[in-house]
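Here is the structure we will look at, set down as structure tokens.
Protein chains: 2
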Amino acid sequence: MSKPTLKSVAKALGVSTATISNAFNRPDQLSVALREKILSACTELGYDGPNKAAQSLRKGSSGIVAVILSDSLEYMVSDPVASQFLQGVARELERQQKHLLLFSGNSTNLDTITDFVDGFICYGAPRNLGLIGQLRQCKKRVLTVDFDLPGRPSVNIDNEQAAYDSAVAVLKPDDVVAVLGLRLIDALDSRPVADAPMWDNLSSVSHRRLDGYQRAMGELGLTLADDALWHIPESNQHFAEVAAKAVLSQSPRPTVLLCMSDLIALSAMRVALQLGLQIPEQLRVVGFDGIEETLRYHPTLSSVWQFSDKKGEAAARAFQSGLDDNQLLPYELRLGESS
Amino acid sequence: MSKPTLKSVAKALGVSTATISNAFNRPDQLSVALREKILSACTELGYDGPNKAAQSLRKGSSGIVAVILSDSLEYMVSDPVASQFLQGVARELERQQKHLLLFSGNSTNLDTITDFVDGFICYGAPRNLGLIGQLRQCKKRVLTVDFDLPGRPSVNIDNEQAAYDSAVAVLKPDDVVAVLGLRLIDALDSRPVADAPMWDNLSSVSHRRLDGYQRAMGELGLTLADDALWHIPESNQHFAEVAAKAVLSQSPRPTVLLCMSDLIALSAMRVALQLGLQIPEQLRVVGFDGIEETLRYHPTLSSVWQFSDKKGEAAARAFQSGLDDNQLLPYELRLGESS
DNA sequence: CTGTTAGCGCATTCAA
DNA sequence: TTGAATGCGCTAACAG
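Line by line, the protein sequences give chains W and G. Oh and the first sequence: position 331 is 331 in our numbering, straight run, nothing missing. Offset between the second sequence (1-based) and our numbering: plus 339.
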């Protein structure tokens, strides 16, 4: 005996298929008594409700939301900021009784899943830029986070202003500044940006942060030396160390490190301490993101807290709301011992 | 103009729907020339292949695999062992061109998604035990990892033997032993197991490990004091510290700590060092899992390495293979400075 | 309150 | 090689 279907159940109970359907989907369409009877009969028969795939075909919506990660799942899961974001999305989706389909930003084809999902929450510009074109044309709902797509709703923080605030908080008039930037150019290793062409619009978060840093420096009459702006391809210990070591051995040695992620900042502090530098006396450091680990580290890190879990919740809520606005979330500058 | 369908495209090209379908799914059913023509015409029309939802309804398979986590997504993403596993699954699924649907072990109802997916990879017994019953009856393919379900394929390591090996490697005849166990009883805080009824079969991994420890101790004539077997509800710093502090202040003080996860072992070592104990002279510690962090810590931890990413890949492969055997993966005992 | 009907978009016989 | 017909399992109109 195969799995019962709505039709087979209807026949078994001697009622029409619509009645069964209504019993599950529109309780007001039939008497309580009948509904009760049908429902209990269904459990008897081992029928646990309408087939969701058929339902999705018929209704055009499945209750599944795809989250497109900017990178591979592999990378995302190991990055505390990304996983916090995911946690927030998951929490809110669970509240909405929706399901979460994880989609890698390296994938080539959106349409392997578009038909299954109600839409996309896109966390950061996908590494495979081809996806962007597909997302723009996609008929389904698309919400972007940490970047923008014309005509689509988005959730962001004001990265320029946040970076500006963080720089203003640490900078002093005679500082020598270095910036440890995240994904500023198209290179797979840590290196000075120098003359390499900037990726412009896509990883815009980083560029807005850079703008913010530079605005703050400008106001203090500070300038950024050519070799003092570094590109770091991924927010991890290794790549950050390479950059930090290089930058801290330059002369004049920087007195301030503006770091585009907390992970980078922590690595940089580790390197600085190994070099025997005193923080904050000889070197001040400021990060970006706000992750728990910075609180356990000594010295604690000054950073922009952007509450990624809340961002995830906000994204899932905004996705659900159907509103098409571009939302700006609050952030908070928190000063620690590193400045 | 709405999205083209197979039918509309067929009409536009003046051929039958079957021909279009064949052009995409069964190239051998029509001439190369015609196929070429159809395919290019389709891209013209903006038709990028059969609707996957309809296809899934028709064929009964979707290419989506659900991974059921034992806990909330929240917890899993923050646990290095679990995320390593997920990485492995994701990597292999990507290879298979399949998609990953994440499903929380707290959820109540499997059948919100069963109809969408080709089956389930279930990582550890789900926290909501109700799911287990549903999984047993599920018509779709179910593969379990780190626990077993009658008649279902599974991927495991030999936890009893691994635990035994690890204990044998650290124990000496006159040792005082304490066990920091993971999820041994149904309690939300860290506490001695004492007389609390053991959860038996479900979180069986822990109990098999305990069996292994006890076999090793038995062979050395050692016994485990009643208050020396602790339950820790989650593999995290806080709960582990509580247990470690308690155990290390007992008298006689343990000379060996058998820990059911590396995270627990690391916390325990931290506590021990704070108490001024010398490792391994006054206290030897052994962990379980094998995570990178133990290599960066000083002293490095002796532990059972179970290569969770490989386990994830193996699970995804076994799921795909259709074979119904119970697979036992290799592990490796690696000794560090902690013993 | 209940039953009938007509698709949702497609893949697969079967006959031509 | 192709086309017509049937149904995957369900829901929304509509009629009763």
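Even for Gly, the Cβ is constructed at its ideal location relative to N, Cα and C.
With contacts defined as CB atoms closer than 8 angstroms, L412(G) and L273(W) fail to qualify as a contacting pair. Under the DSSP assignment, R91(W) falls in the alpha helix (DSSP H) whose first and last residues are 80-95. Each residue's CA atom was taken as its position, placing A579(G) and R522(G) some 12 angstroms apart.
When the five nearest sequence neighbours on each side are left out, the beta carbons in the same chain lying within less than 8 angstroms of the beta carbon of Q29(W) are those of N22, in order along the chain. Counting C-beta pairs closer than 8 angstroms gives fewer than three between the segment 90-107 of chain W and the segment 40-60 of chain W, which falls short of the contact rule. For the pair T43(W) and R548(G), the Cα-to-Cα distance works out to about 40 angstroms.
Taking the beta carbon of D664(G) as reference, no residue of chain W falls within 9 angstroms; the closest one sits roughly 26 angstroms away. Looking from the CA of P173(W), the closest CA among L222(W), K310(W), L277(W), A265(W) belongs to L222(W). Here the alpha carbons of L102(W) and C122(W) stand approximately 10 angstroms from one another.
Considering only beta carbons, no part of the segment 232-248 of chain W lies closer than 8 angstroms to chain G. Residue environment analysis places H570(G) among the buried positions, since at least 16 neighbouring C-beta atoms fall within 10 angstroms of its C-beta.
Cβ contact annotation for M415(G) (same chain, cutoff 6 angstroms, sequence separation greater than five): L408, A421, in chain order. Boundaries of the beta strand (DSSP E) harbouring R284(W): 284-289, taken from the DSSP string. E219(W) sits in a helix when the DSSP states are folded into three classes.
With 16 or more other CB atoms across the displayed protein chains lying within 10 angstroms of its CB, N51(W) is buried. Uninterrupted beta strand (DSSP E) stretches at least 3 residues long and entirely within the segment 141-190 of chain W occur at 141-145, 154-157, 177-182, given in chain order. When the alpha-carbon of L640(G) is set against those of I524(G), A517(G), V509(G), N495(G), the nearest one is in V509(G). Under DSSP, the beta-bridge partners assigned to E671(G) are W644(G).
Between L519(G) and L596(G), the gap from beta carbon to beta carbon is short of 8 angstroms. Neighbourhood of G388(G) in chain W, by CB distance below 7 angstroms: D111, in chain order. With its beta carbon less than 8 angstroms from one in chain W, V416(G) belongs to the interface. Looking at the backbone, the Cα of S590(G) and that of R673(G) are separated by about 30 angstroms.
According to DSSP, F459(G) shares a beta bridge with A405(G), V481(G). Close CB contacts of D457(G) within its chain, under the 8 angstroms cut and outside five residues either way in sequence, are with S400, S401, G402, I403, V404, K437, K479, R480 (chain order). The beta carbons of S505(G) and F627(G) sit about 7 angstroms from each other, so the pair counts as a contact at 8 angstroms. Taken atom to atom, the span from the alpha-carbon of A372(G) to that of P366(G) is near 11 angstroms. Membership of I232(W) in any alpha helix (DSSP H) is not indicated; the residue belongs instead to the beta strand (DSSP E) covering 229-232. Within a 10 Å sphere around the beta-carbon of N498(G) sit 16 or more other beta-carbons, which makes this residue buried. When DSSP reads this structure, M608(G) sits in no beta bridge, so it has no partner.
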